[in-house]
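Step one of this worksheet: look at the structure below.
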Amino acid sequence: MIARRLRLVRTLLGTAAAEMAEYRVSVLVWILTGTAPLIMMMIWMGLAEAGPMGGYSATDFAAYFLIVFLVRQVTVAWVYEELDREIRLGEMSPRLLRPFDPYWMFAAQHLTVAGMHLTIALPVALLGFAVTGAILPLRPDNLAFFAVAVAGAWVIRFNMLYCVGLLAFWTDQAAALGNLIFTLYIVLGGALVPLDLFPAPVQQILAFLPFAYILNFPVQILLGNLPGPALLQGFVVQILWILLFIGLRQLLWRRGLRQYAAVGA
Amino acid sequence: MPNTGYPMISVKELSKHYRVHEKAPGFVGSLKALIRRKHHIVKAVEQISFEIGAGEIVGFLGPNGAGKTTTLKMLSGLLHPTAGEVAVAGFTPKRRQRPFLSDITLVMGQKQQLIWDLPAADSFLLNQAIYDISESDYRRRLGELAKMLGLDGILHKQVRKLSLGERMKCELAAALLHQPKVLFLDEPTIGLDVNMQQAVRDFIADYNRRHGATVVLTSHYMADVTALAKRILVIDGGRLVFDGDFKSLAERIAPQKVLKLQFREPQPETVLARYGELHGCDDLQAELRVERSAVTQIAAQLLNDLPVADIAIEEVPIEEIVGQIFRGIATEPALRPEAAQGVS
Numbered sequence: 001m002i003a004r005r006l007r008l009v010r011t012l013l014g015t016a017a018a019e020m021a022e023y024r025v026s027v028l029v030w031i032l033t034g035t036a037p038l039i040m041m042m043i044w045m046g047l048a049e050a051g052p053m054g055g056y057s058a059t060d061f062a063a064y065f066l067i068v069f070l071v072r073q074v075t076v077a078w079v080y081e082e083l084d085r086e087i088r089l090g091e092m093s094p095r096l097l098r099p100f101d102p103y104w105m106f107a108a109q110h111l112t113v114a115g116m117h118l119t120i121a122l123p124v125a126l127l128g129f130a131v132t133g134a135i136l137p138l139r140p141d142n143l144a145f146f147a148v149a150v151a152g153a154w155v156i157r158f159n160m161l162y163c164v165g166l167l168a169f170w171t172d173q174a175a176a177l178g179n180l181i182f183t184l185y186i187v188l189g190g191a192l193v194p195l196d197l198f199p200a201p202v203q204q205i206l207a208f209l210p211f212a213y214i215l216n217f218p219v220q221i222l223l224g225n226l227p228g229p230a231l232l233q234g235f236v237v238q239i240l241w242i243l244l245f246i247g248l249r250q251l252l253w254r255r256g257l258r259q260y261a262a263v264g265a
Numbered sequence: 266m267p268n269t270g271y272p273m274i275s276v277k278e279l280s281k282h283y284r285v286h287e288k289a290p291g292f293v294g295s296l297k298a299l300i301r302r303k304h305h306i307v308k309a310v311e312q313i314s315f316e317i318g319a320g321e322i323v324g325f326l327g328p329n330g331a332g333k334t335t336t337l338k339m340l341s342g343l344l345h346p347t348a349g350e351v352a353v354a355g356f357t358p359k360r361r362q363r364p365f366l367s368d369i370t371l372v373m374g375q376k377q378q379l380i381w382d383l384p385a386a387d388s389f390l391l392n393q394a395i396y397d398i399s400e401s402d403y404r405r406r407l408g409e410l411a412k413m414l415g416l417d418g419i420l421h422k423q424v425r426k427l428s429l430g431e432r433m434k435c436e437l438a439a440a441l442l443h444q445p446k447v448l449f450l451d452e453p454t455i456g457l458d459v460n461m462q463q464a465v466r467d468f469i470a471d472y473n474r475r476h477g478a479t480v481v482l483t484s485h486y487m488a489d490v491t492a493l494a495k496r497i498l499v500i501d502g503g504r505l506v507f508d509g510d511f512k513s514l515a516e517r518i519a520p521q522k523v524l525k526l527q528f529r530e531p532q533p534e535t536v537l538a539r540y541g542e543l544h545g546c547d548d549l550q551a552e553l554r555v556e557r558s559a560v561t562q563i564a565a566q567l568l569n570d571l572p573v574a575d576i577a578i579e580e581v582p583i584e585e586i587v588g589q590i591f592r593g594i595a596t597e598p599a600l601r602p603e604a605a606q607g608v609s
């Protein structure tokens, strides 16, 4: 049983890696879209030249956005686009004929791509740390917590967008909703502005949304900005979002298959 | 039609109704549809019942949009029925349990389960892992499939670089690697050249013989159905209108038989037309359509009255029968019990 599972995981990752390696063009697209945090970094560093802003010095901003850059690369998720297309066009059918939840296939593809992105993004980020001297605000002793929080962020983001993609069983606007959620994630997750620079009431609202726990939370861990209780609270909320989205995903999947029209020959 | 074994497939009053949204063309139509969605119900399949025995090969015939593919999709668990019951290999397809999915396969047309940008061999390996096929079984089955389908030299080419025929062969191999007991084949030879059609046909027959697999297929190519299926289900307008062999289908749909005549001297058409419906008259040869019940009597009369050199009594060509079925409308008066009451 375990040997079987291991073989399946190995084959899945191997196939996904081989498939993703074929899409060389997407690397170019990624370079163009993935560098936005680095641009934000330069803007904020420029603004902070005259003096710290909301507690962030220029170096703090550099550290913040370099970590944002890394976290975004690792938690990359486009699964709603794939689900939307496959469900509407009936391309899901061949997957449904096999005794294997397509969830794991998509997960394998996303993890492989995250790994590929990391191999390019990590040297870029390290160079960035070296050039800006932003290594100082980092708390390497939090690295283990950071890694766990990034894993949690990945699970939340992937499952949230999986739910959005599954809405294609009922509507042809799922991809549009996914794009809207991406925008919310960018703004409310902290990719443009560190969340602690938002007014306090806004921050209170953000605590009830998943976006902060996908991006801001792991970043703040590595910056050492979260004392023990806040760290614990953050992980508890991450777990709640994980349970919610995984449960919702299973519900939508079961209900959606009843709706599935399997269009096309 | 006697079943060769216990029923592998059992369908009772199966129906599938779709809700179809209507939208007027253009931007204004989109806006209107946004505010108030109109829809109507399409009855793709309506109260179909049949049983198929283990090891049988059954052909689904019917015009486009008749409900053949919808039925296959319900049998393979892709679509949830609106009403009725389905059991395949003892399972309820829509539950998509692992042992059920390991027992069946559905092959539909072109771009299917093969990963487009990788060689077919990679898709096969993935299926090996998913279906948990042991290394020795995998090698043996792949060897067998490669030999039967002639896959040598194409397994390691990127799927998108394969020709249509090569891709179809790889799709078939991928669909059969787990050695399913039930094969659902939707137009398995569509778009293939004549040789390739024949190869796929031979392969399906061979697979059925070797593994005792149950096969349900739809096809627009006559030869696929006549060569493979002993039993035909005709579906039209979502309803099952015929279940039996070709001979009785011919009797039902074509109440006439063909008399092929060869004369010693030319005969005027007017004379021949007295004996039956004249379908071609060419110098010394003629073809007549005659009511089934009267065929022997008329043949005797012809032999008696005219200088007949040779006479043959044949069924209406199967292509013609199927052509009528595919045209749809033609089958209704002949096959639909309720149509006999004069609805045209």
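Residue numbers (this note's numbering), protein chains in the order written: chain F, 1 to 265; chain Z, 266 to 609.
A virtual CB, placed ideally from N, CA and C, is assigned to each residue, including glycine.
What you are looking at is a predicted structure, and each value in this text was computed from that prediction instead of being measured.
According to DSSP, residue i sits in a beta bridge with which residue or residues?
{"i": "Z/V506", "result": "Per DSSP, none; premise fails for Z/V506."}
{"i": "F/Y56", "result": "F/M53"}
{"i": "Z/Y283", "result": "Z/V307"}
{"i": "Z/A331", "result": "DSSP lists no partner for Z/A331."}
{"i": "Z/F356", "result": "Z/V353"}
{"i": "Z/K613", "result": "Chain Z is shown only over 266 to 609; residue 613 of chain Z falls outside these bounds and no answer can be derived."}
Could you tell me whether the Cβ atoms of residue i and residue j are closer together than 7 Å?
{"i": "Z/S280", "j": "Z/E316", "result": "no"}
{"i": "Z/D439", "j": "Z/S388", "result": "Here residue 439 of chain Z is Ala; the residue named in the question, Asp, does not match the sequence. Result yes, Cβ atoms of Z/A439 and Z/S388 sit closer than 7 Å."}
{"i": "F/A58", "j": "F/A48", "result": "yes"}
{"i": "F/R139", "j": "Z/H345", "result": "no"}
{"i": "F/A282", "j": "F/T132", "result": "In this structure chain F extends from 1 to 265, so residue 282 of chain F is not present and cannot be described."}
{"i": "F/L161", "j": "F/A121", "result": "no"}
{"i": "Z/K288", "j": "Z/G294", "result": "yes"}
{"i": "F/A200", "j": "F/L206", "result": "no"}
{"i": "Z/V555", "j": "Z/L524", "result": "yes"}
{"i": "Z/L391", "j": "F/T11", "result": "yes"}
{"i": "F/A176", "j": "F/G165", "result": "no"}
{"i": "Z/L457", "j": "Z/G418", "result": "no"}
{"i": "Z/L296", "j": "F/E19", "result": "no"}
{"i": "Z/E580", "j": "Z/A515", "result": "yes"}
{"i": "Z/L414", "j": "Z/F468", "result": "yes"}
{"i": "Z/A348", "j": "Z/M273", "result": "no"}
When DSSP labels each residue in this structure, what does residue i get in the three-state scheme?
{"i": "F/F69", "result": "helix"}
{"i": "Z/Q532", "result": "coil"}
{"i": "F/A134", "result": "coil"}
{"i": "Z/R454", "result": "What sits at residue 454 of chain Z in the sequence shown is Thr, not Arg. The answer is coil: DSSP assigns Z/T454 none of H, G, I, E or B."}
{"i": "Z/E321", "result": "coil"}
{"i": "Z/E350", "result": "strand"}
{"i": "Z/E556", "result": "strand"}
{"i": "F/H110", "result": "helix"}
{"i": "Z/S295", "result": "helix"}
{"i": "Z/K277", "result": "strand"}
{"i": "F/V164", "result": "helix"}
{"i": "F/H117", "result": "helix"}
{"i": "Z/P384", "result": "strand"}
Excluding five sequence neighbours on each side, which residues of the same chain lie with their C-beta closer than 6 Å to the C-beta of residue i?
{"i": "Z/V481", "result": "V323, F449"}
{"i": "Z/G332", "result": "A309, V310, I500, G503"}
{"i": "F/I67", "result": "V219, L222"}
{"i": "Z/A298", "result": "K288"}
{"i": "F/V263", "result": "G90"}
How should residue i be labelled, buried or exposed, when 16 other C-beta atoms within 10 angstroms of its C-beta is the threshold for buried?
{"i": "F/M42", "result": "exposed"}
{"i": "F/G247", "result": "exposed"}
{"i": "Z/V351", "result": "buried"}
{"i": "F/P194", "result": "buried"}
{"i": "Z/G545", "result": "exposed"}
{"i": "F/F208", "result": "exposed"}
{"i": "Z/K522", "result": "buried"}
{"i": "Z/E584", "result": "exposed"}
{"i": "F/T183", "result": "exposed"}
{"i": "Z/E534", "result": "exposed"}
{"i": "Z/P598", "result": "Residue placement at Z/P598 is flagged as unreliable, the pLDDT there being 49, under the threshold of 50; a coordinate-derived value is accordingly withheld."}
{"i": "Z/A464", "result": "buried"}
Ordered along the chain, which non-local residues of its own chain (more than five positions away) have a Cβ less than 7 Å from that of residue i?
{"i": "Z/G374", "result": "D451, E452, I455"}
{"i": "Z/I395", "result": "none"}
{"i": "F/L226", "result": "Q220, G234"}
{"i": "Z/A616", "result": "Outside the shown range of chain Z, which is 266 to 609, sits residue 616 of chain Z, and nothing can be said about it."}
Ignore the nearest five residues each way along the sequence and tell me which others in residue i's own chain have a CB closer than 8 Å to its CB.
{"i": "F/I242", "result": "G152, V155, I156, N159"}
{"i": "F/V150", "result": "V71, V74, T75, P218"}
{"i": "Z/M487", "result": "I583, E584, V587"}
{"i": "Z/R425", "result": "W381, D382"}
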